[in-house]
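Reviewing the structure listed below.
Numbering (our numbering), first residue to last: 35 to 616.
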């Protein structure tokens with residue numbers, strides 16, 4: 035991601051809808067401050083008139099005024115708290131929605147470069163840090179500033195000389211706060227980075243727990259986790275040290291302020307220095323230093339949020355996405371034409387595909403074979419539009435693939451991968467993916483055509499049976515059948531099978547092969563496969579080598595040609611004995 039500086043103004047588009055609530059919260063801050071400034075003055079008046087003055091006249095009125103000020107402060111602060119919380123939560127809701135929507139629209143290239151745990155951190159802990167700042171930091175900081183200015187005004191109103199003495203403490207306080215702010219900002223950037231790295235490591239290792247246990251990597255994984263965890267701990271400890279030090283410094287300065295006030299009062303004891311004035315000043319000192327004490331916590335919120343802001347809007351600024359087209363094919367027939375197709379993953383990288391030409395007519399089955407690295411998977415990614423930026427032409431029913439809308443691409447091209455992604459949800463959801471627009475009759479036909487009806491009948495709850503994490507309660511072959519049913523339910527004109535039978539057991543392969551035979555009977559298919567049992571069913575075989583088409587023909591023709599395909603065929607026979615592969 036490109037480094038860029040983001041300001042709090044970046045949040046405004048997400049705050050705009052609740053601008054009225056934020057304005058109300060800001061409007062209440064001077065009211066709260068004014069009530070807070072008035073209370074010590076009312077207390078001074080009551081003490082000087084009725085305690086040291088010895089007069090009971092008007093005592094009830096003064097006590098009533100003070101009580102009214104306390105109740106008013108409670109009511110206004112309650113409204114302020116609710117309004118701030120509602121506006122902040124609404125803002126965070128919109129930001130989180132925008133972030134997830136943006137991430138879902140990014141290309142597969144982005145996800146290949148970014149660890150999943152880091153992306154999760156952006157949408158969870160980083161968003162939560164902004165929420166804390168909005169609800170408890172930003173607007174309350176405005177309230178604190180207004181309150182402190184009001185308190186200083188009240189102190190000058192009561193005794194300007196005494197107030198000036200206390201102001202001598204201002205410069206060291208400001209200097210220490212600025213030093214802590216700068217240091218804590220750097221620490222919070224380190225905290226966000228270390229937490230994202232920790233989340234990414236844990237997410238990746240949990241996903242690969244089977245490999246870790248099979249190869250005995252538990253100790254090495256724990257060691258690496260401890261290193262990452264210790265980095266996160268150290269950053270938090272240093273931040274806590276600065277936070278606690280700032281709080282202790284402010285608390286100590288508050289005690290010095292009280293001592294200065296008492297010393298000044300003792301040295302300049304006159305009729306003007308009354309008990310009410312001393313009590314009012316003590317109250318004002320408490321009200322002045324209370325927000326300063328809390329400032330360390332608010333700096334924590336704001337610095338954490340500032341670091342999170344950089345991460346979140348850095349992600350929102352990523353433009354690595356598939357450009358959506360504006361054309362559509364309403365009833366695709368499945369005619370696929372590839373002309374002079376070239377592609378490289380990096381501008382300065384080698385061509386993965388180089389001048390590929392291929393035509394697949396409606397209803398035709400074409401198998402694509404080649405050694406590892408020949409470009410088969412890249413071709414599949416381009417056809418399914420998880421990658422963009424190719425040179426040449428890919429046309430579906432005469433329309434350039436890059437000009438098609440995402441909906442048209444999904445309607446025209448279906449995809450069955452070797453690695454099946456199953457979700458922790460019902461079998462029904464794993465076939466429909468929650469698409470309520472799917473025709474029930476089409477869904478039932480897809481389940482039957484794919485052979486998934488046998489899985490439905492085996493499970494106690496049928497389609498309503500919940501599947502475990504990553505489909506742990508179904509076999510690899512059954513997972514492929516579910517994936518095939520998922521694709522057939524959308525009735526695409528073109529189906530791409532990316533080595534769909536490469537990793538299943540023989541029994542499951544037989545069921546899957548029967549389903550694939552039914553699939554081959556009535557639609558265009560492009561098969562990326564190693565097993566000869568699948569390849570020989572194709573009408574034509576295309577051989578890729580180093581990103582180029584080097585041979586095209588039937589199985590018999592290519593074996594007789596004794597070229598690249600013939601060598602793959604013989605190598606497969608030698609490697610597997612009785613099971614022939616290509």
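Think of the CB as a built atom: it goes at the ideal place given N, C-alpha and C, for glycine as much as any other residue.
None of the values given here were measured: they were computed from a predicted structure.
For residue i, the three-state DSSP class (helix, strand or coil)
i           : result
residue 364 : coil
residue 37  : Since pLDDT at residue 37 reaches only 46, below the 50 mark, its modelled position is unreliable, and no value is offered.
residue 470 : coil
residue 374 : strand
residue 427 : strand
residue 250 : coil
residue 356 : coil
residue 405 : coil
residue 449 : strand
residue 146 : helix
residue 456 : coil
residue 508 : coil
residue 440 : helix
Beta-carbon separation (whole angstroms), residue i vs residue j, contact threshold 8 Å
i           : j           : result
residue 519 : residue 481 : 5 Å
residue 370 : residue 558 : 6 Å
residue 308 : residue 180 : So it is not a contact: roughly 28 Å between Cβ atoms.
residue 410 : residue 399 : Not quite, the Cβ-Cβ distance comes to about 16 Å (not below 8 Å), so this is no contact.
residue 362 : residue 438 : 7 Å
residue 262 : residue 155 : Incorrect: roughly 13 Å between the Cβ atoms, too far for contact.
residue 583 : residue 391 : 6 Å
residue 465 : residue 485 : Not a contact, Cβ separation roughly 12 Å.
residue 448 : residue 528 : 7 Å
residue 292 : residue 184 : Actually they are not in contact, since the Cβ atoms of residue 292 and residue 184 sit about 20 Å apart, beyond 8 Å.
Classification of residue i by the beta-carbon crowding that lies within 10 angstroms, buried from 16 upward
i           : result
residue 166 : buried
residue 160 : buried
residue 274 : exposed
residue 243 : exposed
residue 286 : exposed
residue 50  : exposed
residue 612 : With a pLDDT of 44 at residue 612, under the threshold of 50, the modelled position of this residue cannot be trusted; read the value that follows with caution. Label assigned to residue 612: exposed.
residue 556 : exposed
residue 297 : exposed
residue 290 : exposed
residue 172 : buried
residue 615 : Annotation note: pLDDT 43 at residue 615 (below 50); position unreliable, coordinate value reported separately. So residue 615 ends up on the buried side.
residue 517 : buried
residue 344 : buried
residue 521 : buried
residue 335 : buried
residue 105 : exposed
residue 158 : exposed
Other residues of its chain near residue i: CB distance less than 6 Å, five sequence neighbours each side excluded
i           : result
residue 489 : 512
residue 500 : 460
residue 224 : 269
residue 443 : 419
residue 573 : 398 and 399
Same chain only: Cβ atoms within 7 Å of residue i, ignoring 5 sequence neighbours per side
i           : result
residue 217 : 276
residue 246 : 239, 252 and 255
residue 313 : 77, 78 and 81
residue 149 : 234 and 238
residue 431 : 363, 366, 367 and 369
Whole-angstrom distance between residue j and residue i, CA atom to CA atom
i           : j           : result
residue 311 : residue 189 : 10 Å
residue 101 : residue 164 : 37 Å
residue 421 : residue 141 : 6 Å
residue 268 : residue 413 : 47 Å
residue 346 : residue 130 : 10 Å
residue 271 : residue 109 : 38 Å
residue 153 : residue 132 : 14 Å
residue 195 : residue 178 : 24 Å
residue 592 : residue 604 : 12 Å
residue 128 : residue 135 : 10 Å
residue 52  : residue 60  : 12 Å
residue 123 : residue 169 : 8 Å
residue 35  : residue 348 : Since pLDDT at residue 35 reaches only 41, below the 50 mark, its modelled position is unreliable, and the value read off the structure follows with that caveat. When rounded, the distance between both Cα atoms is 7 Å.
residue 99  : residue 83  : 14 Å
residue 452 : residue 544 : 16 Å
residue 372 : residue 427 : 6 Å
residue 560 : residue 126 : 45 Å
residue 553 : residue 47  : 49 Å
residue 341 : residue 204 : 28 Å
residue 395 : residue 376 : 21 Å
residue 470 : residue 145 : 28 Å
beta-carbon residue i near the ligand HEM non-hydrogen atom, thresh 7 Å
i          : result
residue 76 : Absence of the ligand HEM from the depicted structure is noted, as is the absence of any ligand whatsoever, leaving it without description.
Cutoff 8 Å; reference residue i; Cβ partners in own chain excluding five residues on either side
i           : result
residue 327 : 281, 284, 285 and 288
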